[in-house]
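As structure tokens, the structure follows; a few thoughts come after it.
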Amino acid sequence: MTAADRAAGDFQTRPVVDRAKLLGWEYVEDYPWFQDAERAGHEVVEKLKARPVSPGRYDVVVDPSQLFLAIHESVGHSTELDRALGWEANMAGTSFITPTDAGSLRFGSPIVNLVGDRTQTAGLATTGYDDEGVKAERWHLVREGTFVDWQTTRELAPLVGQSRSHGCLHADHWSSVPFPRMPNVSLEPAATEVTLDDLFSGIKRGLFVEGRGVSSIDQQRYNFQFGGAVIREITNGRLGAIVRDAAYQSRTPDFWASCDGVGGPATYRLWGTSADGKGEPGQTNAVSHGCPPARFRNVTVLNTGAA
Amino acid sequence: MLTRDETLGICDTVLRHARTAGAEDATVSVRSTLESHARFADNRVTTSGRSEDLGVTATVWVDRKRGSASGSDVSGGALQDLAAEAVRIARISPVHREYVPTPGALTYAESRGFASATAEVDLDARARALGGVLDACRTAGVTGAGFHSATASAAGTATANGNRRFFQSSEAGFSVTARSSDGTGSGYAAGDHFDLTRLDPARIASQAVQKAIDSRQPRPIEPGEYPVILEPQAVADLAGSLAQAFDARTADEGRSAFSAPGGKTRVGERLFHERLAIYSDPMHPVMPAVPATDEGIPASRLSLVRAGVLENLEYSRFWAREQKRDPTPGPVNLIIEGTGEPTTVPAMIAGMERGLLISRFWYVRLVDARTLMLTGLTRDGLWWIEKGRIQHPVRNLRFNQSVLAMLAPWNVQAIGAPERRSPLLVPALKLSGFTFTSVSDAV
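In the order they appear, the protein sequences are chains V and U. Be aware that the first sequence starts at 32, since it is given in my numbering, and climbs by one per residue. Be aware that the second sequence starts at 3, since it is given in my numbering, and climbs by one per residue.
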């Protein structure tokens with residue numbers, strides 16, 4: 032949704048939240064379309080009148096509606112073993128993780144636990160069996176901050192000493208070659224209930240990032256820049272006004288190492304993207320990422336209007 | 003691929019069924035395609051394939067309500083079902099507020115962008131070419147990955163108002179990424195042409211291999227604003243966002259980089275360097291395109307920027323009607339070129355006191371549509387230039403840069419000869435300033 036001030040020659044856009052899931056028609060009927068649209072209308076007008084963000088370092092709380100995309104780009108793609116082996120070098124790129132890193136690479140802080148899961152209810156990459164008949168399963172990619180395992184197929188698993196594939200083979204069309212595709216990759220919530228207000232508390236100067244904004248990440252999945260649909264100030268633990276032209280920029284291991292708070296089970300949400308591209312000829316894949324909101328300390332924030 | 007008569011015959015059959023089912027207006031498109039490819043990585047061929055496909059799409063209007071259905075079965079009963087389904091969908095759809103009656107009979111030029119050699123790939127020749135590329139990578143001690151593809155299509159459209167058009171087109175492409183054995187260098191090169199016989203995989207691979215060797219052991223530099231030389235691939239990686247900004251409706255509605263205060267547009271303003279011309283031309287000998295827009299307007303040369311002045315925006319049939327003017331005959335491709343004698347990349351380097359040479363960009367995204375601010379990263383070859391010579395490779399950088407500022411009158415120092423990067427034809431550029439915001443560790 033775009034609001035334009037035609038007299039001033041200014042405009043702002045607020046993407047309307049899309050939350051694809053692998054569910055039946057009842058999901059379409061139950062989805063709060065009008066509430067989403069009404070909220071977007073109010074927020075895009077507020078965004079048009081908002082002041083630009085002051086660039087610098089901020090503590091950032093990222094809502095599941097944006098964090099899912101950060102997980103997709105920085106975790107989902109970096110833990111694809113075919114990328115680490117150079118099989119995607121000409122298009123999507125490789126990975127900062129090397130094939131011998133499982134079990135030793137520090138990926139994030141000890142509260143960071145990330146799983147691959149093709150059994151998750153409503154997940155866009157959920158299936159009974161993959162394209163070569165391997166039964167779907169759930170497994171840890173990152174446990175207590177350490178990278179522990181890859182996304183694999185039957186061809187890939189033996190290359191890292193494993194006897195069983197994690198069931199990630201998929202083709203998007205009858206004419207497409209099946210190849211490794213991302214499962215649902217999700218961040219586990221805290222064991223106890225942690226609310227959004229708990230995550231805000233103690234933040235003197237921060238930002239709360241919601242919704243899908245611009246995303247860009249390098250070919251080895253180190254350096255990224257993410258925007259949001261709506262970004263609000265956090266001052267002394269309280270949520271404030273919308274700021275415009277904000278994007279956060281970090282390096283994957285630094286970003287996840289700076290995570291010092293994740294929401295509890297009640298804050299966990301499943302989001303997804305229906306068009307993840309990979310391969311030559313290009314194929315698309317639908318994939319979900321579940322997560323609670325999470326807090327990241329001392330993150331670089333840009334003013335993209337003045338960059 | 004289907005012939006002209008076969009293609010338009012299917013269109014006519016579906017049109018007849020649509021009318022019988024109650025459609026008041028309709029457009030039917032049929033596309034048959036051939037696709038063939040070979041992919042390699044880790045210095046070995048990994049996958050290859052060939053596919054033939056056929057698609058039929060019918061879009062119909064009933065009481066100004068629109069419905070559309072697609073399929074791939076061209077048997078008589080299936081085509082009747084497809085038309086009936088489109089009509090059923092139309093009947094339960096809301097009124098199409100932007101409905102414009104489908105075009106009637108129009109005259110089109112013959113498409114120049116088709117070569118039978120691309121449709122009928124010589125697999126032995128492809129295997130020999132890839133064998134040579136893999137040998138070159140092994141000999142140089144680099145790891146090669148790449149993609150060789152050839153596609154051809156025959157596409158026809160017929161409307162209830164008598165429009166009939168049919169075009170063949172083809173596209174062959176080859177790209178290579180070479181990575182050095184120490185993991186610190188990476189080079190990329192690519193080429194494309196509608197005629198497969200005009201592709202030179204050995205030359206493309208040689209360029210990628212040399213870039214991989216020359217980019218080893220890069221040194222970091224501080225992010226900031228630097229003078230740069232963009233090779234044609236790097237210009238192409240940014241120009242796609244510019245192409246989308248020429249839409250007249252978004253500009254007229256105040257939501258485009260080409261909108262101006264007071265509800266006006268920036269048409270007539272000198273926004274770009276005076277030597278820059280940007281246009282579309284389906285008959286261009288190097289970068290031809292199908293001589294019709296997606297809406298069926300016969301395409302011809304359309305000047306968008308002349309002598310740095312924004313001259314035209316793109317008007318769809320609907321928006322042209324709203325604005326009481328004619329729809330524009332394009333764009334169907336995008337050609338950026340400089341008037342006057344082009345400057346070669348070596349000459350640009352020789353004339354640079356200090357700055358960066360950029361091979362290509364990656365993961366480029368539009369950050370701010372008001373200024374065409376883009377973000378993305380350098381990839382596969384970045385070098386520091388000082389006193390007219392390349393000094394050393396540089397670690398990759400993230401940029402946040404406005405395309406309008408990049409091509410502004412004060413920022414363009416030199417323009418190269420345009421090269422084909424389908425669907426673009428773009429030159430190398432030497433620029434006074436380009437803004438980088440962080441360093442990337444990626445190779």
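The C-beta atom is built at its ideal place from N, Cα and C for all residues, glycine as well.
- Query: Quick one: does L426 of chain U have its CB under 8 Å from some CB of chain V?
  - Reply: Output row for L426 of chain U: interface = no.
- H19 of chain U - containing beta strand (DSSP E), residue span: Not the beta strand (DSSP E): H19 of chain U falls in the alpha helix (DSSP H), residues 6-23.
- Message: Please report the straight-line C-alpha distance between E168 of chain V and L301 of chain V, rounded to a whole angstrom.
- Response: Distance from the CA atom of E168 of chain V to the CA atom of L301 of chain V, rounded to whole angstroms, is 18 Å.
- Message: Measuring CB atoms only, is the segment 153-166 of chain U touching the segment 105-121 of chain U, in the sense that at least three cross pairs come out at less than 8 Å?
- Response: As far as the Cβ criterion goes, the segment 153-166 of chain U touches the segment 105-121 of chain U, which means the pair count is three or higher.
- Which listed residue (U:G78, U:W364, U:I231) has its alpha carbon closest to that of R391 of chain U: In terms of CA proximity to R391 of chain U, U:I231 leads the group U:G78, U:W364, U:I231.
- Can you name the residues of chain V whose CB is closer than 7 Å to the CB of R41 of chain U? Here the neighbours are E311.
- Task: Let me know if V173 of chain V comes out buried or exposed under the rule of 16 or more other beta-carbons within 10 Å of its beta-carbon.
- Result: Its Cβ being crowded by 16 or more others within 10 Å, V173 of chain V is buried.
- Which residues in the same chain as A40 of chain U place their Cβ atom closer than 7 Å to its Cβ, once the five residues preceding and following it in sequence are excluded? Residues V47, S50, R128, L132, H150 of the same chain have their beta carbon placed closer than 7 Å to that of A40 of chain U, with the five preceding and five following residues left out of the count.
- Task: Would you tell me roughly how many angstroms separate the C-alpha atoms of G336 of chain V and R356 of chain U, rounded to the nearest one?
- Result: Those two C-alpha atoms are separated by around 27 Å.
- Message: With a threshold of 8 Å between beta-carbons, can T184 of chain V be considered close to chain C, or not?
- Response: The structure shown contains no chain C; the protein chains it does contain are V and U.
- Mind checking which residues open and close the beta strand (DSSP E) that includes A152 of chain U? Here the beta strand (DSSP E) through A152 of chain U covers 144-161.
- Query: What residues from the segment 220-253 of chain V come within 8 Å of chain U, judged by C-beta to C-beta, listed N to C?
  - Reply: Of all residues in the segment 220-253 of chain V, the ones placed with a Cβ closer than 8 Å to any Cβ belonging to chain U are V245, S246, S247, I248, D249, Q250, Q251, R252, Y253, in chain order.
- Item | the segment 37-48 of chain V: positions lying closer than 9 Å to chain U by Cβ | Within the segment 37-48 of chain V, the residues whose Cβ lies closer than 9 Å to some Cβ of chain U are R37, A38, A39, G40, D41, F42, Q43, T44, listed in chain order.
- Are any of the Cβ atoms in chain U nearer than 8 Å to that of F127 of chain V? So yes, F127 of chain V belongs to the interface.
- Task: To the nearest angstrom, report how far apart T252 of chain U and E388 of chain U are at their CA atoms.
- Result: Computed Cα separation, rounded: 43 Å.
- CB contact flag (P234 of chain U, G353 of chain U, <8 Å): The answer is no: Cβ separation not under 8 Å.
- Message: Does the CB of T335 of chain V have a neighbour CB from chain U at under 8 Å?
- Response: True, the Cβ-Cβ gap to chain U drops below 8 Å.
- Give a yes or no on whether the minimum CB-CB distance between G87 of chain V and chain U is below 8 Å. With a threshold of 8 Å between beta carbons, G87 of chain V makes no contact with chain U.
- Item | Rounded straight-line distance, which links the Cα of A60 of chain U to that of W56 of chain V | Counting only the Cα atoms, A60 of chain U lies some 25 Å from W56 of chain V.
- Message: Counting only Cβ pairs nearer than 7 Å, list the residues of chain V close to T48 of chain U.
- Response: Here the neighbours are W118.
- Query: In chain V, which residues lie less than 9 Å from A262 of chain U when you measure between Cβ atoms?
  - Reply: Within chain V, the residues near A262 of chain U are G40.
- Task: Pull up the CB-CB distance for R381 of chain U and S440 of chain U, whole angstroms please, since I reckon it's below 8 Å.
- Result: Actually they do not touch by this definition, with Cβ atoms about 14 Å apart.
- Item | DSSP-derived helix/strand/coil call for S243 of chain U | S243 of chain U falls in the helix class under three-state DSSP.
- Neighbour list for V208 of chain V in chain U, Cβ cutoff strictly below 7 Å: Correct list: T49, G51.
- For L278 of chain U, three-class secondary structure by DSSP: Per DSSP, reduced to three states, the secondary structure at L278 of chain U is strand.
- Message: Give me the residue from V:Q182, V:E311, V:R212 with the minimum Cα distance to R195 of chain V.
- Response: Out of V:Q182, V:E311, V:R212, V:Q182 has the C-alpha closest to the C-alpha of R195 of chain V.
- Task: Compare the C-beta of E8 of chain U with all C-beta atoms of chain V and state if any pair is closer than 8 Å.
- Result: Cβ-Cβ to chain V under 8 Å: no for E8 of chain U.
- Query: Would you say G139 of chain V reaches chain U, if we count a Cβ-Cβ gap shorter than 8 Å as a contact?
  - Reply: Not closer than 8 Å to any Cβ of chain U, the Cβ of G139 of chain V fails to qualify, so no.
- Task: Tell me, please, whether the CB atom of N121 of chain V is closer than 8 Å to any CB atom in chain U?
- Result: Cβ-Cβ to chain U under 8 Å: yes for N121 of chain V.
- Would you say Q314 of chain V faces chain U, with C-beta separation under 8 Å as the test? So no, Q314 of chain V is outside the interface.
- Backbone CA spacing between Y110 of chain U and L10 of chain U [nearest angstrom]: For Y110 of chain U and L10 of chain U, the distance between alpha carbons rounds to 15 Å.
- Contacts around P222 of chain U, its chain only, beta-carbon distance under 6 Å, and the 5 residues preceding and following it disregarded: The residues are R397, V441.
- Measure how close the beta-carbons of V215 of chain V and R114 of chain V come, nearest whole angstrom, since I'm counting them as under 8 Å. Reading the sequence as shown, one finds Asn at residue 215 of chain V and not Val. So it is not a contact: roughly 18 Å between Cβ atoms.
- Hey, does D55 of chain U have any beta-carbon neighbour from chain V nearer than 8 Å? For D55 of chain U, a Cβ of chain V is located within less than 8 Å of the residue's own Cβ.
- Item | Integer Cβ distance of G146 of chain U from V135 of chain U, believed to fall under 8 Å | Yes, G146 of chain U and V135 of chain U are in contact; Cβ-Cβ is about 7 Å, under 8 Å.
- Which runs of the alpha helix (DSSP H) fall wholly inside the segment 52-116 of chain V and span at least 4 residues, in chain order? Correct list: 56-61, 64-80, 95-102, 112-115.
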